[in-house]
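**Q** To convert, take the position in the sequence shown, counting from 1, and add 363; that gives this note's numbering.
Before we start, here is the structure in question, set down as structure tokens.
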Amino acid sequence: MAKYRKLGRTSDQRKALLRNQVTNLLYHGKIVTTETKAKEIRKIAESMIALAVKEKDNFETVTVTAKVARKDADGKRVKEVKDGKKVTVYDEVQKEIKKDLPSRLHARRQMASFFYPVTEVPTEAAGRKKNTKSIDMPQKMFDEIAPKYADRNGGYTRIIKIGPRKGDAAMEVVIELV
364 MAKYRKLGRT
374 SDQRKALLRN
384 QVTNLLYHGK
394 IVTTETKAKE
404 IRKIAESMIA
414 LAVKEKDNFE
424 TVTVTAKVAR
434 KDADGKRVKE
444 VKDGKKVTVY
454 DEVQKEIKKD
464 LPSRLHARRQ
474 MASFFYPVTE
484 VPTEAAGRKK
494 NTKSIDMPQK
504 MFDEIAPKYA
514 DRNGGYTRII
524 KIGPRKGDAA
534 MEVVIELV
């Protein structure tokens, strides 16, 4: 018995398809696909969620001092003249940041190497590049998805059959996060 389904594709096409579908499942919460693809997606998605749950609290909070440019009322940098040159004025600010411990950093990099980049477009600016923002999927996994499943031992996804597809009669399903 094979370890995975080939889905009628070459290995690079299959890997790209699964990366895309897993990224969309974890970003949107549910997707519609065929039954065989859903069973493959489930394996990968559940391992990613388990990794995030395992490492969700594995960080330390550190206070750092950062230099930030001083800005005027219009949001432009304040400059002053020193030795005949215009120089930007900086203020020192204390910031609290989360510093990943080595195992969480490794988990973050594993996730980042698997997920495709997700760009969120506001509904009022649909079709435009203005005001789009890039979503950090590993951060979303640690902050939103992992706490939701912290007390659960596996079984993070659900597959619901919705019937055969009209064109080729392939069984369609909804795969969603529980």
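Just so it is clear, CB atoms sit at the ideal spot from N, CA and C, and this is done for glycine as well.
A quick note: this is a predicted structure, and the numbers were derived from the prediction, not measured.
(1) Could you tell me whether the Cβ atoms of V434 and K442 are closer together than 8 Å?
(2) Kindly identify the DSSP beta-bridge partner or partners of P527.
(3) Which residues does DSSP pair with K400 in a beta bridge?
(4) Going straight from the alpha carbon of R382 to that of K462, what length do you get?
(5) With a floor of 4 residues, list each alpha helix (DSSP H) that falls wholly inside the region 392-438, ordered by position along the chain.
(6) Candidates P485, A408, R467: which alpha carbon is nearest N421's?
(7) Does the structure place the region 425-434 close enough to the region 452-460 that three or more beta carbon pairs sit under 8 Å?
(8) Please state if the CB of A513 and the CB of K430 are separated by a distance shorter than 8 Å.
(9) Of the choices G518, K493, K366, D499, whose alpha-carbon is the least far from that of A475?
(10) Are there 16 or more other CB atoms within 10 angstroms of the CB of I523, so buried, or fewer, so exposed?
(11) Whose C-alpha, out of L540, G530, S497, is nearest the C-alpha of V484?
(12) Ordered along the chain, which non-local residues of its own chain (more than five positions away) have a Cβ less than 8 Å from that of V536?
(13) Less than 8 Å between C-beta atoms, sequence neighbours within five positions excluded: which residues of the same chain meet that for P527?
(14) With DSSP collapsed to three states, give me the class of D375.
(15) Enumerate in chain order the residues of its own chain whose CB-to-CB distance from P501 is below 6 Å, with the five nearest sequence positions on each side excluded.
(16) Rounded to the nearest angstrom, how far is the Cβ of Y453 from that of A436, given a contact under 8 Å?
(17) Have a look at E507, Q384, I538, F505 and flag the residue whose alpha-carbon is nearest the alpha-carbon of G518.
**A** With the given structure in hand:
(1) The question names Val, yet the displayed sequence has Lys at residue 434. Not closer than 8 Å, so no.
(2) Paired residue(s): M534.
(3) When DSSP reads this structure, K400 sits in no beta bridge, so it has no partner.
(4) Near 27 Å, if we compare the C-alpha coordinates of K462 and R382.
(5) For the alpha helix (DSSP H) assignment, the uninterrupted runs of no fewer than 4 residues enclosed by the region 392-438 are, from N- to C-terminal side, 398-418.
(6) In this structure, R467 is the residue among P485, A408, R467 with its C-alpha nearest to the C-alpha of N421.
(7) Cβ pair count under 8 Å is three or more, so yes.
(8) Taking 8 Å as the Cβ cut-off, K430 and A513 do not qualify as a contacting pair.
(9) Nearest C-alpha to A475: D499.
(10) I523 should be labelled exposed.
(11) Out of L540, G530, S497, S497 has the C-alpha closest to the C-alpha of V484.
(12) For V536, where only same-chain residues beyond five positions count, the Cβ hits under 8 Å are V395, T396, T397, E398, A401, I522, I523, K524, I525.
(13) Cβ contact annotation for P527 (same chain, cutoff 8 Å, sequence separation greater than five): A533, M534, E535, in chain order.
(14) Of the three classes helix, strand and coil, the one that applies to D375 here is helix, per DSSP.
(15) So the qualifying residues of the chain are R471, M474, A475.
(16) In this structure Y453 does not touch A436 by the C-beta definition: roughly 18 Å separates them, more than the 8 Å allowed.
(17) Of the candidates E507, Q384, I538, F505, the one whose C-alpha sits nearest the C-alpha of G518 is I538.
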